[in-house]
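The working numbering applies: residue 47 is where the sequence shown begins, and numbers increase by one. All C-beta atoms in this analysis are idealised placements derived from N, C-alpha and C, irrespective of residue type, glycine included. Source: prediction; values computed, not measured.
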Amino acid sequence: MSELWLDAVAAEGAIQLIEKNKQLFEQLLEVTKASYASALGKVRQQDVIRAELELLQLEERLAGEQQKSANTQARLTSLIQRNDFEYEAIVFDLSALPSLSLGENYKTKSQTQLIELLMAHPSIKVLRKQEKKIEQDIELAKQSYKPQWGFNASYGYRDDASNGMDRADFFSVGVSFDLPVFTDNRQDQQLKAAQSQAEATKTSTQLTIKSLLGQTYAEISNLERLFERQSRYKSQLEKQSSEQAEATLTAYTHDDGNFTDVVWARVNVLNIQLASLNIDIQALKSVAKLNALLQPNLGQFQGAQQ
47 MSELWLDAVA AEGAIQLIEK NKQLFEQLLE VTKASYASAL GKVRQQDVIR
97 AELELLQLEE RLAGEQQKSA NTQARLTSLI QRNDFEYEAI VFDLSALPSL
147 SLGENYKTKS QTQLIELLMA HPSIKVLRKQ EKKIEQDIEL AKQSYKPQWG
197 FNASYGYRDD ASNGMDRADF FSVGVSFDLP VFTDNRQDQQ LKAAQSQAEA
247 TKTSTQLTIK SLLGQTYAEI SNLERLFERQ SRYKSQLEKQ SSEQAEATLT
297 AYTHDDGNFT DVVWARVNVL NIQLASLNID IQALKSVAKL NALLQPNLGQ
347 FQGAQQ
């Protein structure tokens, strides 16, 4: 459910970014039309057409994100209602995103420590429960090989004899036991079946732990790469693309550049912003996966901090 919510947030974030850039293109189109109508500078008809085309493409991208947002929110709302979760309102806002971190700093933990955390995973709990049940079955099967002891006691009351003499009452005690010198084939089969099932379950548990551990290492590595990319976008790409867009627009307004460069630079700003948003969302999805693997009892983003 967390991934579905993040998809909805991503769509809403994309809508905000596109709408912001759409306003800039609308202003650019108005300036271009005015300059072309007054024959000022080097504005050509193809510049006006290019501005109109880019604006139409932005509107199409906006419509696509709006459709994606509506579909995702509908799916999420349906899922919440189907599972009878209580909620007042679902917030799909970039400001609602938690900050990012590796939670308990999983990357510094040893393999043994990670396996200890994985033992709380639901799939492992189910297998361990099966192991305990099979151990009980094995113990019961072994009990059938042991001697079965039995104790009995009886007491019998006797009336006096016809001549008036007292007669002793009867009291007896008995001990019996069944020694399985020759075990029944059915007993052997039950024990072997239980032992075989125990080995199979242990193997399944080991394989599941190995699989979960592999997923954990892969997700930690994935999140580290996402952090590196996120840092590059935030500290360099977003800043440099904005500076380039401003520089090309300044050059164009001073008849020292061409309109194609202005449009390309502005589109590039939007593309980089959308890519940066996508990295943020992917990183949060990775955090959610790690928490689901290693801390299933916690909230998906609990403890996340930059």
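- Rounded to the nearest whole angstrom, the C-alpha separation of Leu102 and Ala334 is 37 angstroms.
- The shortest C-alpha to C-alpha distance from Val315 to any of Glu162, Thr294, Thr299 is the one to Thr294.
- When DSSP states are grouped into helix, strand and coil, Ser250 belongs to the helix group.
- From the listed residues Tyr263, Ala97, Gln236, Leu163, the smallest Cα separation to Gln341 is found for Leu163.
- For Asp93 against Phe273, the beta-carbon gap comes to about 41 angstroms, at or over 8 angstroms, which does not count as contact.
- The Cβ atoms of Glu177 and Ala244 sit closer than 8 angstroms to each other.
- Using a Cβ-Cβ distance cut-off of 8 angstroms, the segment 106-114 and the segment 69-76 are not in contact, since fewer than three pairs of beta carbons, one from each stretch, lie closer than that value.
- For Gln286 and Thr249, the gap between their C-alpha atoms comes out near 54 angstroms.
- For the pair of segments examined, the segment 318-337 was found to touch the segment 262-269: the number of CB pairs separated by less than 8 angstroms reaches three.
- Between Leu258 and Leu339, the C-beta spacing is below 8 angstroms.
- Within a 10 Å sphere around the beta-carbon of Arg278 sit fewer than 16 other beta-carbons, which makes this residue exposed.
- Selection Ala166, Ile64, Glu292, Thr118 evaluated against Glu105 yields Ile64 as nearest (Cα-Cα).
- Per DSSP, the unbroken alpha helix (DSSP H) holding Arg174 starts and ends at 168-189.
- Around the CB of Asp326, 16 or more other CB atoms lie within 10 Å, so the residue is classed as buried.
- Annotation: Glu284 to Ala60 spans about 15 angstroms, alpha carbon to alpha carbon.
- Bounds of the alpha helix (DSSP H) holding Thr158 are 157-164.
- Selection Gln236, Leu320, Tyr263 evaluated against Lys66 yields Leu320 as nearest (Cα-Cα).
- The segment 319-343 contains no complete alpha helix (DSSP H) run of 4 or more residues.
- At the C-beta level, Thr78 and Ala54 stay beyond 8 angstroms of one another.
- Under the three-state reduction of DSSP, Gly260 is assigned to helix.
- In the three-state reduction of the DSSP assignment, Asn304 falls in the coil class, being assigned neither a helical nor a strand state.
- In this structure, Ile180 is the residue among Thr247, Ile180, Thr251 with its C-alpha nearest to the C-alpha of Leu237.
- In this structure, DSSP gives Ser84 a state outside helix and strand, which the three-state scheme calls coil.
- Apart from sequence neighbours up to five positions away, the residues of its chain that approach Ala187 with a beta-carbon distance below 6 angstroms are Gln236, Leu237, Ala240, ordered along the chain.
- When the Cα atoms are used, Ser322 and Lys280 turn out to be separated by approximately 8 angstroms.
- Distances from the CA of Ala311 to each of Tyr298, Thr299, Gln290, Ile126 were compared; the closest alpha carbon is that of Gln290.
- Here Leu173 is actually not in contact with Met47; their C-beta atoms are around 25 angstroms apart, not less than 8 angstroms.
- Counting along the chain, Gln282 sits inside no alpha helix (DSSP H), nor does DSSP assign it H or E at all.
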